[in-house]
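Chains as they are written, first to last, in our numbering: chain G, 284 to 430; chain B, 284 to 430; chain R, 284 to 430. Where is the CB? At the ideal position from N, CA and C, for every residue including glycine.
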Amino acid sequence: MDLIAIREIEQLKYRYLRTLDLKEWDDFGQTLAEDIDATYGTRLSFQGRDQVVDYMRESLPGTIITLHQCHHPEITVDGDTAVGTWYLEDKVLVTDQKLMLTGASFYTDTYRRRDGQWQIAKTTYIRTFEAMESLPADWTLTANRWG
Amino acid sequence: MDLIAIREIEQLKYRYLRTLDLKEWDDFGQTLAEDIDATYGTRLSFQGRDQVVDYMRESLPGTIITLHQCHHPEITVDGDTAVGTWYLEDKVLVTDQKLMLTGASFYTDTYRRRDGQWQIAKTTYIRTFEAMESLPADWTLTANRWG
Amino acid sequence: MDLIAIREIEQLKYRYLRTLDLKEWDDFGQTLAEDIDATYGTRLSFQGRDQVVDYMRESLPGTIITLHQCHHPEITVDGDTAVGTWYLEDKVLVTDQKLMLTGASFYTDTYRRRDGQWQIAKTTYIRTFEAMESLPADWTLTANRWG
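Quick look at the structure:
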């Protein structure tokens with residue numbers, strides 16, 4: 284078991300999720316292989332880094348606060364390639380419409396190491412569930428990084 | 284600190300939680316020692332793998348979507364035995380009644396290694412809280428693995 | 284990459300969060316350096332262990348149930364010092380007023396090792412969001428460690 288490589292891949296995934304939720308799109312792009320194959324659930328599918336980054340940048344303005352946290356890494360390394368599954372919990376707050384999406388998914392990723400750096404080469408997930416609801420009438424943001 | 288054994292035990296726990304939430308009952312059973320002693324909160328207590336698996340299989344049909352995520356592993360290995368604490372967050376969606384249970388617990392587990400494989404020999408948790416509530420009137424599933 | 288030191292620091296953080304949510308204030312204090320510099324969001328700032336522990340003890344009686352879970356550790360060790368970022372999700376249930384606070388933050392911590400023990404020397408976080416809402420009318424605690 285290559286604990287160092289496993290840790291490096293975990294750090295890559297955490298950086299991907301952190302830059303996603305902080306809307307740091309250039310750094311987000313650096314976690315993805317240029318030819319990434321990315322499929323999120325049954326509705327979203329992208330070919331290549333630019334498609335993923337452009338979509339995220341456009342669909343996630345400051346009025347939309349996201350939380351994407353991945354747990355339970357099960358990662359197997361084979362030389363400069365690795366596969367991993369993760370258990371995602373996510374929440375999307377559409378602040379101007381007072382809507383909330385919540386969900387959970389199992390991710391299956393492929394990672395590739397080039398010049399000593401791991402990137403996400405393929406990512407896909409299957410949801411256990413996803414739900415949409417209105418937030419309660421008195422729901423109030425008391426802190427908002429983009430407010 | 285035996286980092287390899289700790290990682291193996293984490294993988295075991297993640298497999299236990301993944302197969303639980305995916306309702307893969309045969310694989311779920313394989314994470315449990317045949318003579319497991321399992322107590323969940325103050326209401327549920329089981330002796331042996333078959334009791335646990337039978338209970339889960341019967342009480343968690345496709346109308347009940349569960350999310351069980353364990354965090355903060357604190358694991359101590361002693362030869363072929365180990366103890367671990369985890370911080371569980373769980374959510375149960377009773378879709379046909381539009382009810383939701385949410386809760387959190389601290390797990391204390393004992394693990395046992397036989398023929399190179401770790402299994403859960405004892406598991407128990409104490410809740411910090413558990414709550415039940417009706418879901419909002421407009422709560423709608425937009426994805427459902429069992430729908 | 285010093286995997287042992289990283290793991291020790293993770294254990295420290297888990298102990299800090301566990302004793303916080305279990306209201307075990309003496310053990311909580313032991314995770315903090317005596318001269319800790321602690322800032323939580325924009326409203327709370329403390330100098331020294333006693334200030335932090337006193338504040339938590341007074342503001343978190345048994346009527347207030349908290350959940351603080353930290354994910355995605357990104358830790359860099361440099362001798363007897365280390366820095367780490369974490370992705371917090373928290374929930375506070377004010378049970379007697381049926382109010383709930385939910386939020387998420389990115390923590391940045393500094394850790395210091397003295398006599399072989401790591402402690403939190405500095406901790407600060409920036410929220411992505413924090414929200415307050417009333418719990419649904421039929422929300423009912425079915426388990427409560429402090430009930």
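Worksheet item: Would you say L327(R) faces chain C, with C-beta separation under 8 Å as the test?
Response: You won't find chain C in this structure, because its protein chains are G, B and R.
Worksheet item: Does the Cβ of S388(G) have 16 or more other Cβ atoms within 10 Å, making it buried, or fewer, making it exposed?
Response: Your numbering for residue 388(G) matches position 105 in the first sequence. With a threshold of 16 other beta carbon atoms within 10 Å, S388(G) meets it and is buried.
Discussion item. Applying the 10 Å Cβ sphere with the 16-neighbour rule, what's the burial state of W369(R)?
Written reply: For the purposes of this step, residue 369(R) is taken as the residue at position 86 of the third sequence. Buried, because 16 or more other Cβ atoms sit within 10 Å of the Cβ of W369(R).
Worksheet item: What distance in whole Å lies between the Cβ atoms of T314(B) and L295(B), which are believed to be in contact at a cut-off of 8 Å?
Response: Reading the second sequence from its first residue, position 12 is the one you call residue 295(B). Reading the second sequence from its first residue, position 31 is the one you call residue 314(B). Indeed they touch by this definition, with Cβ atoms about 6 Å apart.
Worksheet item: Rounded C-beta distance between D363(R) and R395(R)? I'm assuming under 8 Å.
Response: Position 80 of the third sequence, counted from the first residue, corresponds to residue 363(R). Position 112 of the third sequence, counted from the first residue, corresponds to residue 395(R). The C-beta distance from D363(R) to R395(R) rounds to 6 Å, short enough to fall under 8 Å.
Worksheet entry | Where the alpha helix (DSSP H) containing D337(B) begins and where it ends | Your numbering for residue 337(B) matches position 54 in the second sequence. Taken as a continuous stretch (DSSP letters only), the alpha helix (DSSP H) holding D337(B) covers R332 to S342.
Fill in: Integer Cβ distance of M383(R) from L418(R), believed to fall under 8 Å
On the third sequence, residue 383(R) is found 100 positions in, with the first residue counted as 1. On the third sequence, residue 418(R) is found 135 positions in, with the first residue counted as 1. Contact annotation, M383(R) with L418(R): C-beta distance approximately 5 Å; criterion of less than 8 Å satisfied.
Worksheet item: Going along the chain, which unbroken runs of the alpha helix (DSSP H) with 4 or more residues stay wholly within the segment 383-425 of chain G?
Response: Counting only runs that start and end inside the segment 383-425 of chain G, there is no alpha helix (DSSP H) element of at least 4 residues.
Practice prompt. Work out the CA separation of T385(G) and T359(G) for me, nearest whole Å.
Written response: In the first sequence, the residue the question calls residue 359(G) occupies position 76. In the first sequence, the residue the question calls residue 385(G) occupies position 102. Spanning the two alpha carbons is a distance of roughly 29 Å.
Worksheet entry | Among L350(G), V377(G), T378(G) and G331(G), the one whose alpha carbon lies nearest that of R410(R) | Your numbering for residue 410(R) matches position 127 in the third sequence. Out of L350(G), V377(G), T378(G) and G331(G), L350(G) has the C-alpha closest to the C-alpha of R410(R).
Discussion item. Could you pull the DSSP bridge partners for K374(B) from this structure?
Written reply: One-based indexing of the second sequence puts residue 374(B) at position 91. In the DSSP assignment, K374(B) forms a beta bridge with L350(B) and T385(B).
Worksheet item: Which partner residues of Y297(R) appear in the DSSP bridge assignment?
Response: As a working note, residue 297(R) is residue 14 in the third sequence. Residue pairing of Y297(R) in beta bridges, as defined by DSSP: absent, with no partner found.
Worksheet entry | For Q352(B) and L424(B), the rounded distance between their alpha carbons | Position 141 of the second sequence holds residue 424(B). Position 69 of the second sequence holds residue 352(B). Our two residues, L424(B) and Q352(B), have alpha carbons roughly 20 Å apart in a direct line.
Worksheet item: Do you know how far the Cα of E293(R) is from the Cα of L303(G)?
Response: Taking the first residue of the first sequence as position 1, residue 303(G) is located at position 20. Taking the first residue of the third sequence as position 1, residue 293(R) is located at position 10. Their Cα atoms are separated by approximately 23 Å.
Fill in: Chain-order list of residues whose beta-carbon lies under 8 Å from that of K381(R) (same chain, five-residue window excluded)
Reading the third sequence from its first residue, position 98 is the one you call residue 381(R). Taken in chain order, the residues that qualify are S417, L418 and W422.
Item to complete: Would you kindly work out how many angstroms separate the C-alpha atoms of G345(R) and M339(R), rounded to a whole number?
Response: Taking the first residue of the third sequence as 1, we reach residue 345(R) at position 62. Taking the first residue of the third sequence as 1, we reach residue 339(R) at position 56. Spanning the two alpha carbons is a distance of roughly 12 Å.
Fill in: When E307(B), H354(B), Y390(B) and D398(B) are compared against A316(B), the one with the closest alpha-carbon
In the second sequence, the residue the question calls residue 316(B) occupies position 33. Per the Cα distances, D398(B).
Worksheet item: Can you name the residues of chain B whose CB is closer than 9 Å to the CB of R428(R)?
Response: Here the question's residue 428(R) lines up with position 145 in the third sequence. Simply I409, R410, T411 and F412.
Worksheet entry | Outcome for L327(B) when other beta-carbon atoms lying within 10 angstroms are tallied against a minimum of 16 | Locating residue 327(B) in the second sequence gives position 44, where the first residue counts as 1. L327(B) is exposed by the Cβ-count criterion.
Worksheet entry | D379(R) versus T406(R), A420(R), T393(R) and H355(R), residue with shortest Cα-Cα distance | Start at 1 with the first residue of the third sequence, and residue 379(R) comes out as number 96. Sorting T406(R), A420(R), T393(R) and H355(R) by C-alpha distance to the C-alpha of D379(R) places A420(R) at the top.
Worksheet item: Taking Cβ positions only, does W422(R) come closer than 8 Å to chain B?
Response: As a working note, residue 422(R) is residue 139 in the third sequence. At least one chain B Cβ lies under 8 Å of W422(R).
Discussion item. Do T407(B) and T322(B) have their beta-carbon atoms positioned less than 8 Å apart in this structure?
Written reply: The sequence position of residue 322(B) within the second sequence is 39, counting from 1. The sequence position of residue 407(B) within the second sequence is 124, counting from 1. Cβ atoms of T322(B) and T407(B): closer than 8 Å.
Worksheet item: From D309(B) to G367(G), what distance separates their C-alpha atoms?
Response: For the purposes of this step, residue 309(B) is taken as residue 26 along the second sequence, with counting starting at 1. For the purposes of this step, residue 367(G) is taken as residue 84 along the first sequence, with counting starting at 1. In this structure, the alpha-carbon of D309(B) lies about 22 Å from that of G367(G).
Discussion item. Let's see if you can read the secondary structure: which residues bound the alpha helix (DSSP H) around D310(B)?
Written reply: To locate residue 310(B), count along the second sequence from 1; it is residue 27. Per DSSP, D310(B) belongs to the alpha helix (DSSP H) from W308 to Q313.
Discussion item. Can you pull the chain B neighbours of G386(G), defined as C-beta to C-beta under 9 Å?
Written reply: If you number the first sequence from 1, residue 386(G) lands on position 103. Within 9 Å of the CB of G386(G), the CB atoms of chain B belong to T425 and A426, in sequence order along the chain.
Worksheet item: Using a Cβ cut-off of 9 Å, which residues of the segment 296-314 of chain B contact any Cβ in chain G, in chain order?
Response: Within the segment 296-314 of chain B, the residues whose Cβ lies closer than 9 Å to some Cβ of chain G are K296, Y297, R298, L300, R301, D304 and L305, listed in chain order.
Worksheet entry | Residues sharing a beta bridge with E357(R), DSSP | To locate residue 357(R), count along the third sequence from 1; it is residue 74. DSSP, once it has assigned bridges, lists T368(R) as partnering E357(R).
Item to complete: Starting from the C-beta of A291(R), find all residues in its chain whose C-beta is less than 8 Å away, skip the five residues before and the five after it, and write them out in chain order.
Response: In the third sequence, the residue the question calls residue 291(R) occupies position 8. The identity of residue 291(R) in the sequence shown is Glu, whereas the question assumes Ala. Excluding residues within five positions, the ones whose Cβ falls inside 8 Å are W401.
Worksheet item: Which bits of chain R does R290(G) rub up against, with CB to CB less than 9 Å?
Response: Here residue 290(G) refers to the residue found at position 7 of the first sequence. Chain order gives the chain R residues near R290(G) as M284, L286 and I289, where near means a beta carbon separation below 9 Å.
Discussion item. D333(B) and K405(B) - do their beta-carbons sit closer together than 8 Å?
Written reply: What you label residue 405(B) is simply residue 122 of the second sequence in a count that begins at 1. What you label residue 333(B) is simply residue 50 of the second sequence in a count that begins at 1. No.
Worksheet item: Under the three-state reduction of DSSP, which class applies to L286(R): helix, strand or coil?
Response: As a first step, residue 286(R) is located in the third sequence; it is residue number 3 there, counting from the start. Three-state result, L286(R): helix.
Practice prompt. Report the three-state DSSP secondary structure of L327(G) (helix, strand or coil).
Written response: Sequence index remark: in the first sequence, residue 327(G) carries index 44 (1-based). L327(G) falls in the strand class under three-state DSSP.
Worksheet item: Mind pulling the chain G residues with CB within less than 7 Å of H354(R)?
Response: The sequence position of residue 354(R) within the third sequence is 71, counting from 1. Those within 7 Å of H354(R) in chain G are Q352 and H354.
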